[in-house]
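K.L.:
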Amino acid sequence: MRHVIALDVGGTGMKAALVGADGALLYESRRDTGRDRGPDAVVAAVLDYAEELAAEGLRRFGEPPAAAGVAVPGITDEANGVAVFSANIGWRNVPFRTLIGDRLGGLPVAIGHDLRTGGLAEGRIGAARGIERFLFIALGTGIAAAIGIEGRIEPGAGGAAGEIGHIVVRPGGIECGCGQRGCLERYASASAVGLAWATASGDPDATAADCAAAVKAGDERAAAVWRDAVDTLADGLLTGITLLDPAAIVVGGGLAEAGDTLFVPLREAVEARITFQNHPGIIPAELGDAAGCLGAGLLAWDLLAARQSAARQTEVTA
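Residues 4 to 321, numbered by the numbering used here, are exactly what the sequence shown covers, in order.
#1: Can you give me the C-alpha to C-alpha distance between Leu-258 and Ala-163, rounded to a whole angstrom?
#2: Assess, as a yes-or-no matter, whether the region 99-117 is touched by the region 68-79 under the definition of 3 or more beta carbon pairs within less than 8 Å.
#3: Taking the beta carbon of Ile-152 as the centre, do at least 16 other beta carbons fall within 10 Å, making it buried, or is it exposed?
#4: Going along the chain, which residues of its own chain have a beta-carbon closer than 6 Å to the beta-carbon of Arg-2, five neighbours each way excluded?
#5: Run the CB neighbour count on Arg-127, radius 10 Å, all protein chains shown included, and call it buried at 16 or more, exposed below.
#6: Three-state secondary structure (DSSP) at Pro-287?
#7: Is Leu-21 near Ile-103, with beta carbons less than 8 Å apart?
#8: How should Asp-25 be labelled, buried or exposed, when 16 other C-beta atoms within 10 angstroms of its C-beta is the threshold for buried?
#9: Is it true that the CB of Ala-209 sits closer than 8 Å to the CB of Ala-201?
#10: Which of the three DSSP states is assigned to Ala-141 in this structure?
#11: Rounded to whole angstroms, what's the CA-CA distance from Gly-108 to Arg-63? Just pull it up for me.
#12: If you run the structure through DSSP and keep just helix, strand and coil, what is Arg-33?
#13: Please report the residue range of the beta strand (DSSP E) in which Phe-88 lies.
#14: So the beta strand (DSSP E) Arg-95 belongs to, where does it begin and stop?
#15: Quick one, are the C-beta atoms of Gly-159 and Ser-192 less than 8 Å apart?
#16: Going by Cα to Cα distance, which pick from Val-87, Arg-173, Glu-188 and Gly-23 is closest to Gly-143?
#17: In terms of DSSP beta bridges, what is Cys-296 paired with?
#18: Buried or exposed, going by whether 16 or more other CB atoms sit within 10 Å of the CB of Pro-268?
#19: Return helix, strand or coil for Cys-214, following the three-state DSSP convention.
#20: Please name the residue or residues paired with Ala-147 in a DSSP beta bridge.
#21: Rounded to the nearest angstrom, how far is the Cβ of Phe-137 from that of Ile-252, given a contact under 8 Å?
#22: Can you tell me whether DSSP reads Val-322 as helix, strand or coil?
#23: When DSSP labels each residue in this structure, what does Leu-241 get in the three-state scheme?
#24: Can you tell me which of Glu-274, Glu-260, Val-196 and Ala-225 puts its alpha carbon nearest to the alpha carbon of Thr-245?
#25: By DSSP's criteria, Glu-178 is part of a beta bridge. Which residues make up the other side?
#26: Taking the alpha carbon of Phe-99 as the reference point, which residue from Asp-43, Arg-34 and Ile-140 has its own alpha carbon closest?
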C-alpha cells in the first residue's frame, strides 16, 4: 500500500503516523524528544524515529514510504527544508530535508512549521474545510496563527507569517521573550492564564484548566482573570480580522479545551469591538493535537503531487 511518513516534532514529544493516499492513518505512535539531553540529541532522535517509521512501513505494507512530511517548531525555512531556530529545543539551522532524505536513501522530504502544518490540516480536513480564507490560532504555551488562503497556508516572506502572539496589545506591559512588552501571548495564552490564576488563587501549581473550572464554579477571582484574558485576546483578534479579513477564525490549543467557557465570551467580546470589519465565525478546531501530524502527511503527499506534475510538464515540453 502506498503511504508516506508524517512526523510532528514538538518541544517535549513527537507524534508520528504512516498515512495513506486517502489521508487515512495506517499506523500511529508517539515518543519523547529527549530535549533534556540537548538539541543535538533531539535531531538524532528525529532521524532515528524517521528510520524506524520507514522500516515499519516496509514491514506492514511490503514497500517503503513514498515520501516524508515533517513538522518542526520555531522559525522554519520551508523552501530549503531547514529548521532555522527553536527557542524551546535550542537547535539552529538544522537541514532536516537533507538529513532525513540521506538517512532514508534519498526519500523526498517536505519540512513545515508545526503551527502552519496544523493549520493546513484544519483547512483541508478539519474545521475550516471548504472555507477559502481563514485564520487558525493556537492558544497553548504561546500563541501563534496560520493564515489559510484557498487551500494553502501563507508562510510570509521570511517564514514568520502568523506570529499574532507578538502583536503588542498592551503597550509598555509585561516583558515578552521576543524582546517586546505587552505581547498578546503574555496575557491570553494558556500559560499566561495559568500564571495569572496561580497568582490570584495563591496556588503556585494552578493551570489555565483550573481557572476555567473555577469560572464554571462561579469563582469571582477566576472570572476576573478569565475576563482579562478574553478581552485581551479579542483585542488581538480584531487586529487579525482588520488586516486579513478572514471568513472564519479556528481556535485550537489548550485554552480552547475550555469549550463554551471560552467561546461564548470571546465571540461576544469580538462582536463588541467590530465596527466596519467583516464578522468572521469563531469556531473550535476539530483535529486536536493530531493536526500537526495530519498536516505533515498532507505536506508529503503535496510534495509527491508537485513532483509528478513537474515530470509531466517536462515530458510535454521535451
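The beta-carbon is built from N, C-alpha and C at its ideal position, and this holds for glycine as well.
Here the structure is a predicted model, which means the values were calculated and not measured.
P.N.:
From the atom records:
#1: 23 Å
#2: yes
#3: exposed
#4: Given that the chain is displayed from residue 4 to residue 321, the structure contains no residue 2 and the question cannot be resolved.
#5: buried
#6: strand
#7: Cβ distance not < 8 Å, so Leu-21 and Ile-103 don't count as in contact.
#8: exposed
#9: yes
#10: strand
#11: 19 Å
#12: strand
#13: 85-88
#14: 95-97
#15: no
#16: When each option's Cα is compared against that of Gly-143, the closest is Glu-188.
#17: BP columns for Cys-296 are empty, so no partner.
#18: buried
#19: Cys-214 falls in the helix class under three-state DSSP.
#20: Per DSSP, the beta bridge partners of Ala-147 are Ala-141.
#21: 7 Å
#22: Past the edges of the chain, shown from 4 to 321, lies residue 322, and the structure says nothing about it.
#23: Helix.
#24: Glu-274
#25: Arg-184
#26: Asp-43
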